[in-house]
Amino acid sequence: SFYSIEEVAFSFNGGKDSTVLLHLLRAGYFLHKMGQNSANGDVKDFPIRTIYFESPSAFPEINSFTYDIAATYGLQIDTIRLDFKSGLETLLKDKPIRAIFLGVRIGDPTALVAI
């Protein structure tokens, strides 16, 4: 593997893209654990740090869905209440993160914007 589990994070925003990515990451993690004969079948066995950029302009339903999913799957969620760039800079100063999974559609307005 390129990075340890402590060095990767998943940016979850409750949208369709990140929800699909969550399930793909969970499936990949479960398959990895099965290969090591250490999968326990627990739905909450997903140790990848999850970050959520909570926006004051987000619909309450998005926040509710995001926190419900976090509780359902036992996500280690770090809520960041800063803009994306400042939040990432702060996160990277505090945590040993080297890779972040982020679900984005090519048609999203900011899909091709450099951070």
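Heads up: the sequence shown begins at 114 in the working numbering, then just goes up one per residue. C-beta atoms are modelled at their ideal positions from N, C-alpha and C, and glycine is treated no differently.
As computed with DSSP, R162 is found in a beta bridge with A122 and Q189. A distance below 9 Å separates the beta carbons of F115 and A212. Judged by their CB atoms, L204 and A140 are not nearer to each other than the 9 Å cut-off. Separation of G148 and Y142 (C-alpha to C-alpha, rounded to the nearest whole angstrom) is 10 Å. Closest option to D221, judged by alpha-carbon separation, among Y180, D130 and S117: D130.
Here DSSP, grouped into helix, strand and coil, assigns A140 to helix. For L195, no alpha helix (DSSP H) encloses it, and the DSSP letter there is neither H nor E. Each residue's CA atom was taken as its position, placing S199 and I193 some 10 Å apart. For I213, the uninterrupted beta strand (DSSP E) segment begins and ends at A212 to L215.
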